[in-house]
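K.L.:
Numbering-wise (my numbering), the sequence shown opens with residue 64 and increments by one.
Glycine residues also receive a C-beta, built at the ideal position from the N, C-alpha and C atoms.
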Amino acid sequence: MTVATYIFRCPDCSVFEVIQPMSSLTPTHPCPNCAAESPRVFTAPHLATTPAGLHRAVGAADASAESPQVVRSIPDGAPRPRSPRWNPMTGAAPVNAARRSRGRYPSLPRS
64 MTVATYIFRC PDCSVFEVIQ PMSSLTPTHP CPNCAAESPR VFTAPHLATT
114 PAGLHRAVGA ADASAESPQV VRSIPDGAPR PRSPRWNPMT GAAPVNAARR
164 SRGRYPSLPR S
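1. Which residues bound the alpha helix (DSSP H) around R135?
2. Give me the Cα-Cα distance between D125 and H118, rounded to the nearest whole angstrom.
3. Count the other CB atoms, across all protein chains shown, that sit within 10 Å of the CB of S101; report buried if there are 16 or more and exposed otherwise.
4. If I follow the unbroken alpha helix (DSSP H) through H118, where does it start and stop?
5. Does the pairing of the stretch 109 to 123 with the stretch 80 to 90 give three or more beta-carbon distances under 8 Å?
6. Helix, strand or coil for S101? Go by DSSP, reduced to three states.
7. Can you have a look at C76 and say buried or exposed, based on whether 16 or more other CB atoms are within 10 angstroms of its CB?
8. To the nearest angstrom, how far is the alpha carbon of A67 from that of A128?
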């Protein structure tokens, strides 16, 4: 069942939207405020294409909502996790004490 958003204009109140199936669309709809019959306002159709990768990702997310897959290890062929980097929320990544420079300021690189 395909549903769409339709816009109707009440002659007494204002413009309102109705979400209903395309198969049950009528040329008029009762106003939610005053129950007067309101004609449909014709607008440009919303024509948009979804990239294939995004479409697959949305489908996978919808499928995993009902039965999520539990992963217990990194799959073969997957890249290794990246090392932690500086993050404004958590601060700098930890530094190995053996490689840390001595003194108050870090040493300058030697050329």
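P.N.:
Result, derived from the coordinates:
1. No alpha helix (DSSP H) holds R135; DSSP gives it neither H nor E.
2. Each residue's alpha carbon lies about 11 Å from the other.
3. It is buried - the Cβ of S101 has at least 16 other Cβ atoms within 10 Å.
4. Per DSSP, H118 belongs to the alpha helix (DSSP H) from A115 to E129.
5. No, they do not touch.
6. Strand at S101.
7. By the 16-neighbour rule on beta-carbons within 10 angstroms, C76 is exposed.
8. Roughly 24 Å between the two C-alpha positions.
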